[in-house]
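Residue numbers for the sequence shown follow full-length UniProt numbering, so the first one is 1 and each next one is one higher.
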Amino acid sequence: MIDTGADISVVKLKIILPYDNKRQNIDIRSACGTKISALGRSDKGILEIEKHKMCFSPLIIDTKLDCVIIGVDMIQSNPHLLINRLRLIQATQLNKIEAVSETSQIILDDFEEYKNIFKKEIDNTTTCNMIEHLIELTDYKPTFCKPARIPLHVRKK
């Protein structure tokens with residue numbers, strides 16, 4: 001998995017790579033803020049993606065991940081990894097946009113009551129809820145809460 005938000009590449013312990021057992025002086029945090037300890041670093045790893053072989057020196061971590069996380073350290077030395085993925089994603093998205101256009105036209109033609117599904121404006125007919133709040137910072141630490149949609153079964157009628 002290519003992760004442009006990860007500073008370093010990591011692999012799970014169960015992937016067999018030669019690594020040193022020296023404690024790495026690196027504090028790793030996951031996307032949700034969980035602290036992860038590194039068991040070592042591989043110096044002699046070889047990563048093969050689409051017939052390209054690259055030297056790979058990821059941190060070894062004990063995790064349940066089923067994939068290798070390719071971070072910015074690998075992307076900087078091998079930019080073609082990211083460029084090829086972006087080209088593939090862009091081509092896939094073009095196909096999806098065409099499919100959505102066809103779907104929206106079918107809904108507009110046959111199901112008049114659902115025509116607001118594809119609106120781009122925010123008003124009372126869309127599913128977006130606008131929220132406004134005030135944070136006072138005098139002697140208080142700000143509280144952060146990720147914005148999330150309220151499930152339909154929880155919303156007040």
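We put the beta carbon where it would ideally sit given N, CA and C, even for glycine.
Source: prediction; values computed, not measured.
List the endpoints of the continuous beta strand (DSSP E) containing Met1.
No beta strand (DSSP E) contains Met1, which DSSP labels as neither H nor E.
Using the rule of at least 16 other Cβ atoms within 10 Å of the residue's Cβ for burial, across every protein chain shown, is Ile135 buried or exposed?
exposed
Go through its chain and collect everything with a Cβ distance to Met54's Cβ below 6 Å, but skip five positions before and after it.
The answer, listed in chain order, is Leu47, Asn78.
Would you call the segment 6–14 and the segment 67–84 touching, i.e. three or more CB-CB distances under 8 Å?
yes
So, using beta-carbon positions, are Asp62 and Leu39 closer together than 9 Å?
Yes, the pair counts as a contact, with Cβ atoms nearer than the cut-off.
Straight-line CA distance for Ser30 to Ser37?
11 Å
Roughly how many angstroms lie between the CA atoms of Phe56 and Ala148, to the nearest whole one?
37 Å
To the nearest angstrom, how far is it from the Cα of Lys51 to the Cα of Asn84?
Answer to the nearest angstrom: the Cα atoms are 13 Å apart.
DSSP three-state call for Leu134: helix, strand or coil?
Note: Leu134 maps to coil in three-state DSSP.
Which value, in whole angstroms, describes the spacing of the CA atoms of Ile75 and Leu82?
7 Å
When DSSP labels each residue in this structure, what does Val72 get in the three-state scheme?
helix
At which residues does the beta strand (DSSP E) containing Leu13 begin and terminate?
Run containing Leu13: none; DSSP gives neither H nor E here.
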